[in-house]
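Take any residue in the sequence shown, note its place counting from 1, add 14, and you have its number in the working numbering.
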Amino acid sequence: MSRTLVALHAHPDDESSKGAGTVAHYADEGVRCVLVTATGGEAGDILNPAMNRPEVAENLAEIRAEELAAAAEIIGYDEVIMLGYRDSGMPDTEPNAHPEAFVNAPFDEALERVVTIVRRERPEVVLGYDEHVRYPHPDHVRIHDLSLAAFEAAADPERFPESGEPWEIPSLFAPVFTVRRIETLHTAMLGLGHESPFEQWIERLDGATDTDKNLVHIDVTATLGRAREALRAHRTQVDPDGFWFQVPLDVVAAHYPFEDFELMQSRVDVASTDDLFSGI
Ligand SMILES: [Zn+2]
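In structure tokens:
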């Protein structure tokens, strides 16, 4: 049986920092994986000091598209679709007001484009975003809203009748950075006598838990290295000595070789907590 996964992301590099090991895992199993990236990431900061040069800043959209293509190939995506919206920038910054910014596009226009892709691909699993309470980037919040709306609209014959046969998405998940993950890796790093990159996160969590959430944990032992390699392909956006690489790969593999997903919506009985295709 052929299986398909469609992942919705806001910016180039989000596909590599959120759930990349899981997509790589399913790609290895023969699942068709389609990446939809809403914006070109034009408002991103160049976070790698070695890449902070004028010619990079001037051609950022083009360079980020190349980085995205390289990362998607490492992860194992079969197709990359860029919706071509402009990066809306961080909350309360100037790019928010740009007329081509993703947040300023009519909601139904973006929704129809996502619905068209969903109806064409007929995926068993769609990845969108959670509420993003801790990181309310406007483009991420919009992906959250769009993914929930697409779950309903793609199945509704009265919505966008020109955009393909209705498709009932069985399951919609969101990649999440769980409290369990943060606490486990934080404790592991301190136990090994290392500095933990999660010190401030732990303070901000202030006793929060994820126990109220419907979580699925995917074992990504075999693909952890590829997920990091994909992230490194975003050479302008990712500091090779920065946050994402501070927990050594062998520590992640030994203590938390999982990626976590929150079940946002489902039309099937998701019985298993270790498989996104559970119940299908
Ligand atoms: Zn992003």
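A virtual CB, placed ideally from N, CA and C, is assigned to each residue, including glycine. Predicted model only: the values in this text are computed from it and were never measured.
Item to complete: State the Cα-Cα distance for the pair E192 and L229, rounded to the nearest angstrom.
Response: As a first step, residue 192 must be located in the sequence shown, where it is residue number 178. As a first step, residue 229 must be located in the sequence shown, where it is residue number 215. In the sequence as presented, Glu is not what sits at residue 192; that position holds Thr. Those two C-alpha atoms are separated by around 9 Å.
Discussion item. Please enumerate, following chain order, all residues with a beta carbon closer than 5 Å to at least one heavy atom belonging to ligand 1.
Written reply: Result (chain order): A24, H25 and D28.
Discussion item. Since Y91 and A52 should fall inside the 8 Å C-beta cutoff, what is the C-beta to C-beta distance between them, to a whole number of angstroms?
Written reply: Residue 91 sits at position 77 when you count from the first residue of the sequence shown. Residue 52 sits at position 38 when you count from the first residue of the sequence shown. Incorrect: roughly 15 Å between the Cβ atoms, too far for contact.
Discussion item. Can you tell me where the alpha helix (DSSP H) holding Q214 begins and where it ends?
Written reply: Locating residue 214 in the sequence shown gives position 200, counting from the first residue. Residues E213 to L219.
Item to complete: Return the CA-CA distance between F259 and R242, expressed in angstroms with no decimal places.
Response: The sequence position of residue 259 within the sequence shown is 245, counting from 1. The sequence position of residue 242 within the sequence shown is 228, counting from 1. Distance between the alpha carbons of F259 and R242 is about 8 Å.
Discussion item. Within 10 Å of its beta-carbon, does D14 have 16 or more other beta-carbons around it, so buried, or fewer, so exposed?
Written reply: There is no way to answer for residue 14, as the model of the chain reaches only from 15 to 294.
Item to complete: Can you say whether E81 is buried or exposed, counting buried as having 16 or more other CB atoms within 10 angstroms of its CB?
Response: Indexing the sequence shown from 1 puts residue 81 at position 67. Result: buried.
Practice prompt. Please report the residue range of the beta strand (DSSP E) in which A21 lies.
Written response: In the sequence shown, counting from the first residue as 1, residue 21 sits at position 7. T18 to H23 is the span of the beta strand (DSSP E), which, as asked, contains A21.
Worksheet entry | Best match in I183, Q214, I157 and G205 for proximity to P189 [C-alpha to C-alpha] | Residue 189 sits at position 175 when you count from the first residue of the sequence shown. Closest option to P189, Cα to Cα, is I157.
Worksheet item: Between the C-alpha atoms of N66 and P26, what's the straight-line distance to the nearest angstrom?
Response: Here residue 66 is taken as the residue at index 52 of the sequence shown, counted from 1. Here residue 26 is taken as the residue at index 12 of the sequence shown, counted from 1. So the two alpha carbons sit approximately 18 Å from each other.
Worksheet item: If L206 and V128 are in contact, beta carbons under 8 Å, what's the gap, nearest whole angstrom?
Response: The count along the sequence shown starts at 1 and reaches residue 206 at position 192. The count along the sequence shown starts at 1 and reaches residue 128 at position 114. The C-beta distance from L206 to V128 rounds to 43 Å, too long to meet the 8 Å contact threshold.
Worksheet item: Is it the case that the CB of T18 approaches a heavy atom of ligand 3 more closely than 6 Å?
Response: In the structure on display, ligand 3 does not appear, and the ligands it does have are ligand 1.
Worksheet entry | Nearest to V261 (by Cα), restricted to the options T235, M203, D170 and R148 | For the purposes of this step, residue 261 is taken as residue 247 along the sequence shown, with counting starting at 1. The shortest Cα separation from V261 among T235, M203, D170 and R148 belongs to M203.
Item to complete: May I ask which residues mark the beginning and end of the beta strand (DSSP E) holding L229?
Response: Mapped onto the sequence shown, residue 229 falls at position 215. Unbroken beta strand (DSSP E) run through L229: L229 to D233.
Discussion item. Does the contact criterion of 3 or more C-beta pairs under 8 Å hold for the stretch 115–134 versus the stretch 164–179?
Written reply: yes
Worksheet item: Where do the N-terminal and C-terminal ends of the beta strand (DSSP E) with T53 fall, by residue?
Response: Taking the first residue of the sequence shown as 1, we reach residue 53 at position 39. Segment R46 to T53, the beta strand (DSSP E) holding T53.
Worksheet entry | According to DSSP, residues forming a beta bridge with F187 | Numbered from 1 along the sequence shown, position 173 holds the residue referred to as residue 187. Note: F187 sits in a beta bridge opposite L141 and L277.
Worksheet item: Along the chain, where does the alpha helix (DSSP H) that runs through I60 open and close?
Response: Numbered from 1 along the sequence shown, position 46 holds the residue referred to as residue 60. Where I60 is concerned, there is no enclosing alpha helix (DSSP H), given that its DSSP letter is neither H nor E.
Worksheet item: Using DSSP with H/G/I as helix, E/B as strand and the rest coil, what is E93?
Response: Here residue 93 refers to the residue found at position 79 when the sequence shown is read from its first residue. Taken through DSSP and simplified to helix, strand or coil, E93 comes out as strand.
Worksheet item: Measuring CB to CB, does A86 end up less than 7 Å from V94?
Response: Numbered from 1 along the sequence shown, position 72 holds the residue referred to as residue 86. Numbered from 1 along the sequence shown, position 80 holds the residue referred to as residue 94. Going by C-beta atoms, A86 is nearer than 7 Å to V94.
Discussion item. Since V50 and L97 should fall inside the 8 Å C-beta cutoff, what is the C-beta to C-beta distance between them, to a whole number of angstroms?
Written reply: Here residue 50 refers to the residue found at position 36 when the sequence shown is read from its first residue. Here residue 97 refers to the residue found at position 83 when the sequence shown is read from its first residue. Confirmed, about 7 Å.
Worksheet item: Buried or exposed: Q214, going by 16 or more other Cβ atoms within 10 Å of its Cβ?
Response: By one-based count along the sequence shown, residue 214 stands at place 200. Flag for Q214 reads exposed.
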